[in-house]
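Residue numbers (the numbering used here), protein chains in the order written: chain A, 2 to 290; chain B, 715 to 968. We treat Cβ as the ideally placed atom computed from N, Cα and C, and that holds for glycine. Note that the coordinates shown come from a computational prediction; the quantities given were computed from them, not determined experimentally. Notes to accompany the following structure.
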Amino acid sequence: MEVLQLLVSGISQGCVYGLIALGFVLIYKATEMVNFAQGDLMMLGAFFAYTYLNLMELHFLVALPLTIFTMAILGAFTERVMIRPMIGEPHFSVLMLTIGLGFILRAAAGAIWGNEPRSLDLPYAGGVIDLGGLIIGYENLVIVIGTAMLCTLLFLFFRFTRLGIAMQAASQNQLAAFYVGIPVKRIYSLVWAISAGISAVAGILVAPVSLIDPLIGFIGIKAFAAAIVGGFGSLPGAIVGGLIIGIVEQFAGLYLPTGFSDVSAYVILLVMLLIRPEGIFATMQQKKV
Amino acid sequence: MAVLELTNIETYYGPVMAIRGVSLEAKEGEISVLLGANGAGKTTVLKTISGAMEPQKGKITFRDQEIQGVDPDQTARMGIAHVPEGREVFPFLTVEENLQMGAFSRGDSEVQQDMEMVYDYFPVLAEKAKQQSAYLSGGQQQMLAIGRALMLRPSMMLLDEPSLGLSPRLVSEIAEIIERVNREQNMTILLVEQNAKMALDIGHYGYVMEVGRIVMEDTCERLKSSQDIQEFYLGVKDEGVRGRRRWKQRKTWR
Chain A
2 MEVLQLLVSG ISQGCVYGLI ALGFVLIYKA TEMVNFAQGD LMMLGAFFAY
52 TYLNLMELHF LVALPLTIFT MAILGAFTER VMIRPMIGEP HFSVLMLTIG
102 LGFILRAAAG AIWGNEPRSL DLPYAGGVID LGGLIIGYEN LVIVIGTAML
152 CTLLFLFFRF TRLGIAMQAA SQNQLAAFYV GIPVKRIYSL VWAISAGISA
202 VAGILVAPVS LIDPLIGFIG IKAFAAAIVG GFGSLPGAIV GGLIIGIVEQ
252 FAGLYLPTGF SDVSAYVILL VMLLIRPEGI FATMQQKKV
Chain B
715 MAVLELTNIE TYYGPVMAIR GVSLEAKEGE ISVLLGANGA GKTTVLKTIS
765 GAMEPQKGKI TFRDQEIQGV DPDQTARMGI AHVPEGREVF PFLTVEENLQ
815 MGAFSRGDSE VQQDMEMVYD YFPVLAEKAK QQSAYLSGGQ QQMLAIGRAL
865 MLRPSMMLLD EPSLGLSPRL VSEIAEIIER VNREQNMTIL LVEQNAKMAL
915 DIGHYGYVME VGRIVMEDTC ERLKSSQDIQ EFYLGVKDEG VRGRRRWKQR
965 KTWR
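Structure, rendered in structure tokens:
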């Protein structure tokens with residue numbers, strides 16, 4: 002029973018990592034840039050949800066879509082003013098830029114909402130289901146269901162809609178996409194919007210489990226490890242990588258000495274890089290020069 | 715009537731001047747041919763027209779509109795379909811999805827009909843409609859790239875070395891298709907080629923480029939019979955010419 006209990010909390014934590022990893026991978030696949038502010042976008046999403054729910058006291062069915070929408074706009078705006086001027090610059094500059102963006106977002110959130118931890122007034126927080134001794138918190142259940150729904154939605158979008166296929170096309174062959182008339186620059190803004198929207202969902206989902214403060218974005222680094230474990234560039238890989246890291250973390254917390262829980266993500270990352278550096282789902286083709 | 719007109723175009727790769735003042739025009743319903751050796755700047759001319767590169771100087775007019783510096787997705791919407799060299803397909807999309815993407819900027823309902831038209835030109839693509847295009851052969855990928863460009867319903871096509879790396883039989887097959895598209899749809903085509911024989915056979919008017927400049931232009935008929943073209947591009951040489959070119963008999967370099 003203890004094992005099952007750990008598995009459940011591992012899966013729900015892993016889903017959060019997976020969602021942030023999804024944001025990393027989406028942006029990387031489309032633009033070949035790594036956005037290190039992904040975790041901080043999640044933090045910002047959680048704070049927007051806090052603003053709409055706790056401060057403005059909107060109904061949560063209004064507040065949550067509004068949060069996602071706000072973050073999507075912010076994501077597109079970031080791409081437009083910060084990232085697009087960097088096209089053609091070395092990857093390292095873009096990387097530094099997103100790390101800097103993370104610092105700015107953390108400082109701004111601290112200045113606006115304060116540094117003390119907050120909790121989100123979600124109607125489902127606190128309830129539990131008892132499955133014959135296996136206790137599942139509603140918030141954990143919501144994380145798993147929410148992640149599954151979001152992934153299905155994304156899958157359908159990328160597989161069957163014209164815009165989704167165009168996004169795949171733009172990521173597979175940017176120049177050819179330009180030549181057939183796909184507005185690639187606008188597609189990039191859209192990718193950032195979707196990616197920021199996903200991290201907003203992650204922020205909302207994780208808020209009832211861990212309190213919100215400006216530093217929760219640092220779990221983005223673990224999510225980054227999850228993305229690499231899954232095979233950077235694979236969307237299912239991001240979720241699977243997240244789940245692996247989430248579950249192992251829980252077990253390491255109980256069965257290994259104190260402190261191992263926090264480093265287990267990086268241990269997995271190192272082991273993965275040693276035995277299968279391309280990740281679990283290696284879909285990326287050799288890069289053409 | 716000239717559909718596309720380039721006037722004194724200069725384009726740079728960083729500090730390197732790739733095109734040094736090129737002027738040319740493509741006439742309505744004709745196949746214009748641009749010949750030249752590697753590094754002459756042919757591909758850069760096409761990239762400058764479609765907007766993937768921005769010219770430093772000069773003017774490009776397409777149907778009385780100036781289009782220099784316009785982004786490639788916009789020129790595509792205006793009706794210029796650029797088929798880049800090297801079979802640039804979307805590798806993980808199916809053949810059918812590739813063709814659908816060709817019609818991305820169109821809002822009309824006749825996409826299905828045009829897809830049939832492309833399958834009529836290239837029956838082999840219809841057989842492989844549901845396959846990922848990464849698994850097509852080189853020739854099939856080239857056909858897919860041309861077919862995808864046709865899905866745009868362009869009024870002009872820029873073809874960049876469609877014969878690159880294809881077997882002689884496929885080269886003549888592609889040449890036939892290009893001729894057919896030109897004839898049946900009255901398509902204006904600007905064809906860049908290294909395979910001078912193929913290009914001069916199907917083309918109407920030709921330009922020869924050398925290190926960023928146009929050094930010769932004439933109708934394809936007359937280019938074919940020109941001494942220089944025969945010697946440098948068609949590989950026709952008489953004994954006498956060969957003898958004189960021996961390096962031992964040269965007194966100076968240049």
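Check: Bridge partners of residue 138 of chain A, per DSSP?
Finding: Within the first sequence, the letter at position 137 stands for residue 138 of chain A. The partner list for residue 138 of chain A (beta bridge, DSSP) reads A:129.
Check: Among A:34, A:172 and A:137, which residue has its Cα nearest to the Cα of residue 8 of chain A?
Finding: For the purposes of this step, residue 8 of chain A is taken as residue 7 along the first sequence, with counting starting at 1. Selected option, being the one with the closest Cα: A:137.
Notebook entry, point to check: Since residue 807 of chain B meets chain A, which of its residues come closer than 8 angstroms, beta carbon to beta carbon?
Noted result: Mapped onto the second sequence, residue 807 of chain B falls at position 93. Simply 166, 169, 170 and 173.
Notebook entry, point to check: Quick one: is residue 789 of chain B buried, meaning 16 or more other Cβ sit within 10 Å of its Cβ, or exposed?
Noted result: Here residue 789 of chain B corresponds to residue number 75 of the second sequence, with the count starting at 1. So residue 789 of chain B counts as buried.
Check: In chain A, what lies closer than 7 angstroms to residue 881 of chain B by C-beta?
Finding: If you number the second sequence from 1, residue 881 of chain B lands on position 167. Correct list: empty, because the minimum Cβ distance to chain A is about 22 angstroms.
Item checked: Reduced DSSP category for residue 207 of chain A - H, G, I as helix; E, B as strand; rest coil -> The residue given as residue 207 of chain A occupies position 206 in the first sequence. Helix, per DSSP.
Checklist line | Contact list for the segment 180-209 of chain A against chain B, Cβ threshold 7 angstroms | finding: 180, 181, 182, 183, 184 and 185
Check: At a Cβ threshold of 8 angstroms, is residue 732 of chain B touching chain A?
Finding: Sequence index remark: in the second sequence, residue 732 of chain B carries index 18 (1-based). No, no contact with chain A.
Check: So, helix, strand or coil for residue 722 of chain B, using DSSP?
Finding: In the second sequence, the residue the question calls residue 722 of chain B occupies position 8. Three-state result, residue 722 of chain B: strand.
Next item on the list: State the DSSP-derived secondary structure class of residue 689 of chain B, mapped to helix, strand or coil.
Entry: Limits of chain B in this structure are 715 at one end and 968 at the other, which puts residue 689 of chain B out of reach.
Next item on the list: Return the bridge partner residues of residue 747 of chain B from the DSSP annotation.
Entry: For the purposes of this step, residue 747 of chain B is taken as the residue at position 33 of the second sequence. Bridge partners of residue 747 of chain B: B:905 and B:920.
Next item on the list: Output, in chain order, the set of chain A residues within a Cβ distance shorter than 9 angstroms of residue 766 of chain B.
Entry: The residue you call residue 766 of chain B lines up with position 52 of the second sequence. What residue 766 of chain B touches in chain A: 176, 179 and 180.
Notebook entry, point to check: First and last residue of the alpha helix (DSSP H) that includes residue 92 of chain A?
Noted result: Here residue 92 of chain A refers to the residue found at position 91 of the first sequence. Segment 92-114, the alpha helix (DSSP H) holding residue 92 of chain A.
Next item on the list: Identify the contact partners of residue 740 of chain B in chain A, using a Cβ-Cβ distance below 8 angstroms as the criterion.
Entry: Here residue 740 of chain B refers to the residue found at position 26 when the second sequence is read from its first residue. In chain order: nothing, as chain A lies at least about 17 angstroms away.
Item checked: Contact check, residue 106 of chain A vs residue 83 of chain A, beta carbons under 8 angstroms -> Along the first sequence, read from residue 1 onward, the residue named residue 106 of chain A stands at position 105. Along the first sequence, read from residue 1 onward, the residue named residue 83 of chain A stands at position 82. Result no, Cβ atoms of residue 106 of chain A and residue 83 of chain A do not sit closer than 8 angstroms.
Check: For residue 757 of chain B, does the count of other Cβ atoms within 10 angstroms reach 16, so buried, or fall short, so exposed?
Finding: Along the second sequence, one-based indexing puts residue 757 of chain B at 43. Its Cβ being crowded by 16 or more others within 10 Å, residue 757 of chain B is buried.
Notebook entry, point to check: Can you name the start and end residues of the alpha helix (DSSP H) that residue 884 of chain B belongs to?
Noted result: Reading the second sequence from its first residue, position 170 is the one you call residue 884 of chain B. From DSSP, the alpha helix (DSSP H) with residue 884 of chain B extends over 882-898.
Notebook entry, point to check: By the criterion of Cβ-Cβ separation under 8 angstroms, what are the contact partners of residue 979 of chain B in chain A?
Noted result: Residue 979 of chain B falls outside the range modelled here, since chain B spans only 715 to 968, and no answer is possible.
Note to self: I need the straight-line Cα distance from residue 903 of chain B to residue 896 of chain B, nearest angstrom please.
What the structure shows: Your numbering for residue 903 of chain B matches position 189 in the second sequence. Your numbering for residue 896 of chain B matches position 182 in the second sequence. Answer to the nearest angstrom: the Cα atoms are 7 angstroms apart.
Next item on the list: Indicate whether residue 51 of chain A and residue 59 of chain A have their beta-carbon atoms separated by less than 8 angstroms.
Entry: Numbered from its first residue, the first sequence carries residue 51 of chain A at position 50. Numbered from its first residue, the first sequence carries residue 59 of chain A at position 58. Going by C-beta atoms, residue 51 of chain A is not nearer than 8 angstroms to residue 59 of chain A.
Notebook entry, point to check: In this structure, does DSSP put residue 4 of chain A in helix, strand or coil?
Noted result: On the first sequence, residue 4 of chain A is found 3 positions in, with the first residue counted as 1. Helix, per DSSP.
Check: Of the residues B:718, B:736, B:717 and B:800, which one's Cα is nearest the Cα of residue 726 of chain B?
Finding: Along the second sequence, one-based indexing puts residue 726 of chain B at 12. When each option's Cα is compared against that of residue 726 of chain B, the closest is B:736.
Note to self: Taking 7 angstroms as the limit between beta carbons, can you name the residues of its chain near residue 911 of chain B, skipping five residues before and five after?
What the structure shows: Taking the first residue of the second sequence as 1, we reach residue 911 of chain B at position 197. Correct list, in chain order: 948.
Notebook entry, point to check: Which first and last residues belong to the alpha helix (DSSP H) in which residue 227 of chain A is found?
Noted result: In the first sequence, counting from the first residue as 1, residue 227 of chain A sits at position 226. Per DSSP, residue 227 of chain A belongs to the alpha helix (DSSP H) from 220-231.
Check: What are the boundary residues of the alpha helix (DSSP H) that includes residue 254 of chain A?
Finding: Within the first sequence, numbered from 1, the residue matching residue 254 of chain A stands at position 253. Per DSSP, residue 254 of chain A belongs to the alpha helix (DSSP H) from 236-256.
Next item on the list: Out of A:222, A:197 and A:142, point me to the one whose CA is closest to residue 18 of chain A's CA.
Entry: Stepping through the first sequence from its first residue, residue 18 of chain A is reached at position 17. Out of A:222, A:197 and A:142, A:222 has the C-alpha closest to the C-alpha of residue 18 of chain A.
Check: So which residues on chain A does residue 804 of chain B lean against when the C-beta distance must stay under 8 angstroms?
Finding: Against the second sequence, residue 804 of chain B aligns to sequence position 90. Annotation: Cβ neighbours of residue 804 of chain B in chain A (cutoff 8 angstroms, chain order): 169, 170, 173, 174, 177 and 178.
Next item on the list: Tell whether a beta-carbon distance below 8 angstroms holds between residue 76 of chain A and residue 228 of chain A.
Entry: Numbered from 1 along the first sequence, position 75 holds the residue referred to as residue 76 of chain A. Numbered from 1 along the first sequence, position 227 holds the residue referred to as residue 228 of chain A. Taking 8 angstroms as the Cβ cut-off, residue 76 of chain A and residue 228 of chain A do not qualify as a contacting pair.
Check: Skipping 5 residues on each side, what residues in its chain have a beta carbon closer than 6 angstroms to that of residue 13 of chain A?
Finding: Locating residue 13 of chain A in the first sequence gives position 12, counting from the first residue. Short of 6 angstroms from the beta carbon of residue 13 of chain A, and not among the five residues preceding or following it, lie these beta carbons of its own chain, in chain order: 141, 144 and 145.
Check: What are the partner residues of residue 873 of chain B, as DSSP defines its beta bridges?
Finding: Residue numbering aside, residue 873 of chain B sits at position 159 when the second sequence is read from its first letter. Answer is B:797 and B:905, bridged to residue 873 of chain B.
Checklist line | is_contact[residue 819 of chain B, chain A] using C-beta, thresh 8 angstroms | finding: As a working note, residue 819 of chain B is residue 105 in the second sequence. Cβ-Cβ to chain A under 8 angstroms: yes for residue 819 of chain B.
Notebook entry, point to check: Within 10 angstroms of its Cβ, does residue 259 of chain A collect 16 or more other Cβ (buried), or is it exposed?
Noted result: By 1-based counting over the first sequence, the position of residue 259 of chain A is 258. Exposed: under 16 other Cβ atoms inside 10 Å.
Notebook entry, point to check: For residue 734 of chain B, which residues does DSSP report across the bridge?
Noted result: On the second sequence, residue 734 of chain B is found 20 positions in, with the first residue counted as 1. Beta-bridge pairing links residue 734 of chain B to B:724.
Notebook entry, point to check: Going along chain A, which residues have a C-beta under 8 angstroms from residue 866 of chain B?
Noted result: Position 152 of the second sequence, counted from the start, is the residue given in the question as residue 866 of chain B. Under the 8 angstroms cutoff, chain A gives 181 and 182.
Notebook entry, point to check: Where do the ends of the alpha helix (DSSP H) carrying residue 68 of chain A lie?
Noted result: Taking the first sequence and counting its residues from 1, one reaches residue 68 of chain A at position 67. Taken as a continuous stretch (DSSP letters only), the alpha helix (DSSP H) holding residue 68 of chain A covers 61-79.
Next item on the list: Would you please verify whether the beta carbon of residue 769 of chain B is less than 8 angstroms from any beta carbon of chain A?
Entry: By 1-based counting over the second sequence, the position of residue 769 of chain B is 55. Chain A contact via Cβ: absent.
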